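Residue numbers (this note's numbering), protein chains in the order written: chain A, 1 to 232; chain B, 1 to 232.
First the structure, in the form of structure tokens, and then the observations on it.
Number of protein chains: 2
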Amino acid sequence: MESRDHAEVRLAVDLVVLTVREDRLQLLVIVRGNQPYRGRPALPGGFLRENEDLRAAAVRELAEETGLAGRSLVLEQIGAYDAPERDPRGRIVSVGYLAVAPDLPVPTAGSDATGATWARLDTVRGALAFDHDEIVSDALERARTRLEYTTSATDFCAEVFTMGELRQIYEIVWGITLDPRNFSRRILATEGFIEPTGDRRAQVTGRPAALYRRGPASRLNPPMLRPQQGEQ
Amino acid sequence: MESRDHAEVRLAVDLVVLTVREDRLQLLVIVRGNQPYRGRPALPGGFLRENEDLRAAAVRELAEETGLAGRSLVLEQIGAYDAPERDPRGRIVSVGYLAVAPDLPVPTAGSDATGATWARLDTVRGALAFDHDEIVSDALERARTRLEYTTSATDFCAEVFTMGELRQIYEIVWGITLDPRNFSRRILATEGFIEPTGDRRAQVTGRPAALYRRGPASRLNPPMLRPQQGEQ
DNA sequence: ACAAAAGTGTTCAATTTACACCCATGG
DNA sequence: CCATGGGTGTAAATTGAACACTTTTGT
Chain A
1 MESRDHAEVR LAVDLVVLTV REDRLQLLVI VRGNQPYRGR PALPGGFLRE
51 NEDLRAAAVR ELAEETGLAG RSLVLEQIGA YDAPERDPRG RIVSVGYLAV
101 APDLPVPTAG SDATGATWAR LDTVRGALAF DHDEIVSDAL ERARTRLEYT
151 TSATDFCAEV FTMGELRQIY EIVWGITLDP RNFSRRILAT EGFIEPTGDR
201 RAQVTGRPAA LYRRGPASRL NPPMLRPQQG EQ
Chain B
1 MESRDHAEVR LAVDLVVLTV REDRLQLLVI VRGNQPYRGR PALPGGFLRE
51 NEDLRAAAVR ELAEETGLAG RSLVLEQIGA YDAPERDPRG RIVSVGYLAV
101 APDLPVPTAG SDATGATWAR LDTVRGALAF DHDEIVSDAL ERARTRLEYT
151 TSATDFCAEV FTMGELRQIY EIVWGITLDP RNFSRRILAT EGFIEPTGDR
201 RAQVTGRPAA LYRRGPASRL NPPMLRPQQG EQ
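Here it is in structure tokens:
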């Protein structure tokens, strides 16, 4: 019995980091400097190291490749991607992670070579290296579902935000429009979702909006179900 | 640079196979014949082989260890479990899969040694080897959610079933009781969920129930949200 | 004064829930 | 003829969507 009883595989992590920027859903991508898929956009990620679990690898890669401290970023595992031919370099199984970030001042604004950048999701989809389009699709679906059941919309927002900004997250991630009046009431009626800071912020025009910060709740009950409509 | 840039890990699959039996949610377990955790119940599973993807490994292990043909069983990936100390034999990352089965005539009724058996979930939880309790918890939560959004309740049922049997699936998996009258209407109002066979089946007592088989639909719209109540 | 965004009150329709009541069978 | 589970009808309660209207600012 010379043949091994188990396959020799390498484990990697790939990160789907989403934000809302310029009224669009945007994705953190690097441009590949090596073959395969040289020059193509790809998800940040890399191989698992010794004595490191997957989450730690994800946090490390995020810091190395993008300069984003994984500190406050909530990472959620999306799943394992293991199609035998997904990577021409060999048998590599990758575990996808989703992270949601506020609109940050452009990741590594000129730090190291590879330079991660935000890219509009609608323009980059279909062009990603490896099976990264599939990972992104699954992660996006997860992000959309999370808006329904959790308070994760505030993860897209800065420390303090207006009701309009929060609503925009829902509108952009779901690709629909919501009634601002009903939205506001619904959110405020959900115990622990957001808390008023007491301050207001002047807008470009119009009445200044009250400012809020995230509350202690993490799960939404009842959920905010998105209306079913076709989008992208 | 003698040190490797990546960890040496082995990949495995673990299967959470659920059914409803004797009015209880039951789990397919094997009793471990070797160390570690010898004598303890565990999930069926095993190592990934060369030129085999995770799903294929799950189907193969299911057939080998339990005699269940993976044919019609729908396998859903739950996630990767990778805590470094989860398996004392070394660095083993396992991918969990969920399968839902009808009440089968006891898996390997005396075929090979290890013999998988059904075990009541409430008695076996907390006693499983490795981190299998955690995998089961995640899979169970997934199964409960699937009942809300998909027609997967019929996966728990035989080819033909009564409305009462289908309702029992919901009641047992969710751990609540449902109004039979409203339940029936709700299911029948969902296009493509189930189709009447035209036959009826005499009960132990009471009016014979109409028989149904599963319809073409797979996703439920609108979903059947479970009422929030505390359970087990 | 006007445009624009925030926010309140109210109405109406849709959905959910509860439950009275009838049906069909075995003992 | 009664217990038991299957099934229909209907009214009350809850929820959701629509929208008129008021508030508060910058220009």
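Note that the Cβ used here is the ideal one computed from N, Cα and C, for glycine as well.
Being a predicted model, the structure only gives us computed values, none of them experimental.
Proximity below 8 Å, CB of residue i to CB of residue j
i	j	result
T19 (chain A)	L140 (chain A)	no
L13 (chain A)	G45 (chain A)	Going by the sequence as given, residue 13 (chain A) is Val instead of Leu. Their beta carbons are under 8 Å apart, which means V13 (chain A) touches G45 (chain A) by this criterion.
G198 (chain A)	D138 (chain A)	no
L98 (chain A)	A56 (chain A)	no
G215 (chain B)	I194 (chain B)	yes
L75 (chain A)	L68 (chain A)	no
V59 (chain B)	I135 (chain B)	no
A153 (chain A)	I169 (chain A)	yes
R213 (chain B)	E159 (chain B)	yes
F161 (chain B)	V100 (chain B)	no
V173 (chain B)	L25 (chain B)	yes
L211 (chain A)	V9 (chain B)	no
R86 (chain B)	P36 (chain B)	no
P180 (chain A)	A127 (chain A)	no
D53 (chain B)	A83 (chain A)	yes
D131 (chain A)	R125 (chain A)	no
L178 (chain B)	R185 (chain B)	no
Q77 (chain A)	V93 (chain A)	no
Element boundaries [alpha helix (DSSP H), containing residue i]
i	result
F183 (chain A)	P180 to A189
A80 (chain B)	Not the alpha helix (DSSP H): A80 (chain B) falls in the beta strand (DSSP E), residues L75 to Y81.
D14 (chain B)	Element bounds for D14 (chain B): not the alpha helix (DSSP H) but the beta strand (DSSP E), R10 to R21.
V93 (chain B)	Run containing V93 (chain B): none in the alpha helix (DSSP H); it sits in the beta strand (DSSP E), I92 to V100.
L147 (chain A)	H132 to Y149
Per-residue DSSP class, three states only, for residue i
i	result
A113 (chain B)	Caution is warranted here: a pLDDT of 48 is assigned to A113 (chain B), below 50, making its placement in the model unreliable, and the coordinate value is therefore given only provisionally. Three-state result, A113 (chain B): coil.
P227 (chain B)	coil
L48 (chain B)	coil
V31 (chain A)	strand
N221 (chain A)	coil
S72 (chain A)	coil
A158 (chain B)	coil
A56 (chain B)	helix
A127 (chain A)	coil
L104 (chain B)	coil
L62 (chain B)	helix
L43 (chain B)	coil
Beta strand (DSSP E) segment containing residue i, residue limits
i	result
V173 (chain A)	Element bounds for V173 (chain A): not the beta strand (DSSP E) but the alpha helix (DSSP H), M163 to W174.
D199 (chain B)	I194 to R201
L321 (chain A)	Since the first residue of chain A shown is 1 and the last is 232, residue 321 (chain A) is not available in this structure.
Any non-hydrogen atom of the ligand ZN closer than 7 Å to residue i Cβ
i	result
Q77 (chain B)	The ligand ZN is absent from the structure shown, which contains no ligand whatsoever.
Under 8 Å: do the stretch 215–222 of chain B and the stretch 148–167 of chain B share three or more Cβ pairs, one atom per stretch?
Judged by pairs of C-beta atoms under 8 Å, the stretch 215–222 of chain B touches the stretch 148–167 of chain B, as three or more such pairs exist.
At a cut of 8 Å, does the stretch 115–123 of chain B reach the stretch 20–34 of chain B through at least three beta carbon pairs?
Contact between the stretch 115–123 of chain B and the stretch 20–34 of chain B is present, because at least three Cβ pairs lie under 8 Å.
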